[in-house]
Amino acid sequence: MNFKRSTTSIALILMALSIMSVTSIPQDVFAQMQGMSLTAEASDGSDTIIVRGQTASQVTDITFTVTSPDGFNVLAADQVSPDAQGYYSTEFKIGPTWNQDGFYTIEAMQGVRANPLYTMSVVVEVVNGMAIETLVTESNLETGIFVPEVEELTVKGLTMKANAMEGSTTIGISGVSDRTNLDITLKVIAPNGNVVSVEQITPSLDGKFAKDITTGGPLWSQDGFYTVVAQQGDSPDHKASVEVEIVDGVVIPEFGSIAALILAVAIISIIVVSAKSRLSIMPRY
């Protein structure tokens with residue numbers, strides 16, 4: 008009887024272990040992660056770019072390369088091993104060889120280049136040897152299918168507007184840019200294409216800028232539309248322009264010079280009529 012009881016106990020234990028094994032296998036299979044994520048982060052004006060992410064493969068090293076905006080030069084490289092959960096991180100210092108203004112490509116490759124397991128890249132903008140504020144992520148984690156995801160911290164680019172009163176000799180320029188570490192060049196171009204004014208201003212910490220431009224003088228002698236151009240760096244996203252009409256060195260109202268001419272003719276006609284009426288009532292001698 009004791010032998011039967013031990014046999015029964017062993018059978019029950021084996022059955023329980025079998026059930027546990029069967030139920031655990033599909034859980035491990037469904038919990039298996041696929042893909043990789045890559046994030047690059049930099050503060051505005053910083054010389055450090057932090058790179059981090061997660062991968063489904065914890066046993067294969069990840070190789071990083073940083074390529075210049077023109078695509079010809081590899082400026083930095085690194086290799087890291089992910090931890091037990093697949094997380095990894097590294098950082099790159101912006102150095103003297105980062106002498107081009109533009110977007111630098113950071114590529115992460117897991118495996119050998121001939122047949123990599125995962126490959127993806129992100130871009131970080133660098134101007135005058137300093138990073139522009141960046142937080143960008145690319146990921147195909149979980150699905151294994153590439154899905155880019157970009158987090159915009161602020162509205163990119165530069166916007167500008169001009170304000171001026173009718174008959175004024177002052178044009179008020181104001182705007183905002185997402186860059187705070189780079190000066191803005193304001194240039195005024197006459198209707199004939201000549202540059203009549205050049206100013207350089209520094210945006211505030213929140214990216215706002217303002218400048219008053221004074222009209223008049225020999226350089227403003229041409230009547231017509233003057234173009235005010237704001238340029239910050241070389242990116243087309245950071246260039247804006249507005250037109251202001253100038254006649255006789257002063258700002259013309261929005262209804263334009265033709266309407267102003269009609270108004271002037273009407274005023275002259277009233278003066279002539281008034282003069283004739285005055286002559287008709289003069290006493291006769």
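Numbering (this note's numbering), first residue to last: 8 to 292.
For each residue, glycine too, the CB sits at the ideal point set by N, CA and C.
Problem - Limits of the unbroken beta strand (DSSP E) element including R59 - result: 55-62
Exercise for the section: For L212, I'd like the list of residues in its chain whose CB is within less than 8 Å of its CB, leaving aside the five on either flank, ordered along the chain. Expected result: T187
Problem - Straight-line gap, I113 to S181 (C-alpha atoms, nearest Å) - result: 35 Å
Practice task
Check whether the region 131-147 touches the region 82-94, counting contact only when three or more Cβ pairs, one atom from each stretch, lie closer than 8 Å.
Solution key: no
Practice task
Identify whether L124 lies in helix, strand or coil by the three-state DSSP scheme.
Solution key: coil
Problem - Helix, strand or coil at D244 according to DSSP, with G and I counted as helix - result: helix
Problem - Rounded distance between the beta-carbons of I56 and V131, thought under 8 Å - result: 5 Å
Practice task
Indicate whether S175 and V258 have their beta-carbon atoms separated by less than 7 Å.
Solution key: yes
Practice task
Could you tell me if F79 is buried or exposed, where buried requires 16 or more neighbouring beta carbons within 10 angstroms of its beta carbon?
Solution key: exposed
Practice task
Answer yes or no: do E149 and M127 have a C-beta to C-beta separation smaller than 7 Å?
Solution key: no
Exercise for the section: Could you pull the start and end residues of the beta strand (DSSP E) that N199 belongs to? Expected result: Counting along the chain, N199 falls outside any beta strand (DSSP E), and DSSP gives it neither H nor E.
Handout entry: Endpoints, beta strand (DSSP E) assigned at I101
Key = Where I101 is concerned, there is no enclosing beta strand (DSSP E), given that its DSSP letter is neither H nor E.
Exercise for the section: Report all residues from its chain with a CB closer than 7 Å to the CB of D241; omit the five preceding and five following residues, and keep chain order. Expected result: D108
Exercise for the section: Could you name the residues of the same chain whose beta carbon sits closer than 8 Å to that of V202, not counting the 5 residues immediately before and after it, in chain order? Expected result: K194, V195, I196
Exercise for the section: Determine the DSSP secondary structure at L212, reduced to helix, strand or coil. Expected result: coil
Problem - N-terminal and C-terminal residue of the beta strand (DSSP E) that E48 is part of - result: 43-49
Practice task
Would you mind sorting N106 into buried or exposed? The rule is 16 or more other CB atoms within 10 Å of its CB.
Solution key: exposed
Practice task
Measure from the C-beta of I139 to each C-beta in chain D and report whether the shortest distance is under 7 Å.
Solution key: The question asks about chain D, but that chain is absent: this structure has only one protein chain.
Handout entry: Length of the line joining the Cα atoms of G224 and Y233
Key = 14 Å
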